[in-house]
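>
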Amino acid sequence: QTQAAAATTATTDDEDTAETDQDPINSRAVTIDSADRQQLDPGAERVEAIEGRDRRAEDDPFAATGIKLGSFVIRPTLEQGLRASSNADSSSEGKPALLSETTLRFNAISDWRENSATVDGYGTFLKTISGDEVEEARGRVEGTLNVDFDNDLRAIARLGYEAAPESASSPVVIEGTVEQPVRQTIDGSLAVEKDAGKMRFALT
Numbered sequence: 034q035t036q037a038a039a040a041t042t043a044t045t046d047d048e049d050t051a052e053t054d055q056d057p058i059n060s061r062a063v064t065i066d067s068a069d070r071q072q073l074d075p076g077a078e079r080v081e082a083i084e085g086r087d088r089r090a091e092d093d094p095f096a097a098t099g100i101k102l103g104s105f106v107i108r109p110t111l112e113q114g115l116r117a118s119s120n121a122d123s124s125s126e127g128k129p130a131l132l133s134e135t136t137l138r139f140n141a142i143s144d145w146r147e148n149s150a151t152v153d154g155y156g157t158f159l160k161t162i163s164g165d166e167v168e169e170a171r172g173r174v175e176g177t178l179n180v181d182f183d184n185d186l187r188a189i190a191r192l193g194y195e196a197a198p199e200s201a202s203s204p205v206v207i208e209g210t211v212e213q214p215v216r217q218t219i220d221g222s223l224a225v226e227k228d229a230g231k232m233r234f235a236l237t
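Numbering of the sequence shown is given in my numbering, commencing with residue 34 and proceeding in unit increments.
#1: Excluding the five sequence neighbours on either side, which residues of its own chain have a C-beta within less than 8 Å of the C-beta of Ala121, listed in chain order?
#2: Buried or exposed for Asp54, going by 16 or more other Cβ atoms inside 10 Å?
#3: Can you give me the C-alpha to C-alpha distance between Gly103 and Gly193, rounded to a whole angstrom?
#4: Do Glu195 and Gln217 have their CB atoms nearer than 9 Å?
#5: By DSSP, does Ile189 sit in helix, in strand, or in coil?
#6: Assuming contact is defined by CB atoms lying nearer than 9 Å, are Thr136 and Gly156 in contact in what I supplied?
#7: Strictly by DSSP, which residues pair up with Ala97?
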């Protein structure tokens, strides 16, 4: 009788437990975002981006953001300094002077999907603070255009322009000039490159 009573008690407890599990009032409610809040496996492998493309590493991660102008990003810099010289105008009878030197540089890079272009330039201005009177300006601008073709073929075109005062020691003397003449220089090049495995062939 004791064993029968124990069996009856166990059966009653099992039935009560089953009824409790089936009772919707006592069951624990599941939140909408419970699946998203599950603990992640620390040993799980990192999932790649949906696009499946790796982010390109920046050439200079600490470079200035630059100024967006059309399809180019421009990065200007300004330098200011002093220059002391015992021969300010680089002539045979030059005198000492203290000069203020200001240089403005800029770099412009295209933001094109295909091909690329860069423009670099600078301008330097000298002016006397004390000593021999000198006022001078010089500058240069250079552009490069890269055009990619099929079969790893690339064309590169460069064009530059420079303006600077003629040197005081120049053998060319222009009679009747009041100011120092300006020397202007234009240069350029055109090249074709071909990549073949680890080798690169170029014709300029």
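From the three backbone atoms N, C-alpha and C, an ideal C-beta is built for every residue, glycine too.
Remember, it's a predicted structure, so these values are computed and weren't measured experimentally.
Looking at the atomic coordinates:
#1: The count along the sequence shown starts at 1 and reaches residue 121 at position 88. Same-chain partners within the cutoff: Gly127, Lys128, Pro129, Ala130, Leu132, Thr161, Gly164, Asp165 and Val167.
#2: Locating residue 54 in the sequence shown gives position 21, where the first residue counts as 1. With a pLDDT of 49 at Asp54, under the threshold of 50, the predicted position of this residue should be treated as unreliable, though the coordinate-derived value follows. Looking at its Cβ environment, which holds fewer than 16 other Cβ atoms inside 10 Å, Asp54 is exposed.
#3: Start at 1 with the first residue of the sequence shown, and residue 103 comes out as number 70. Start at 1 with the first residue of the sequence shown, and residue 193 comes out as number 160. Roughly 22 Å between the two C-alpha positions.
#4: Locating residue 195 in the sequence shown gives position 162, where the first residue counts as 1. Locating residue 217 in the sequence shown gives position 184, where the first residue counts as 1. It is a contact, given that the beta carbons lie within the stated cut-off.
#5: Stepping through the sequence shown from its first residue, residue 189 is reached at position 156. Ile189 falls in the strand class under three-state DSSP.
#6: Taking the sequence shown and counting its residues from 1, the one referred to as residue 136 is at position 103. Taking the sequence shown and counting its residues from 1, the one referred to as residue 156 is at position 123. Yes.
#7: Here residue 97 refers to the residue found at position 64 of the sequence shown. DSSP, once it has assigned bridges, lists no residue as partnering Ala97.
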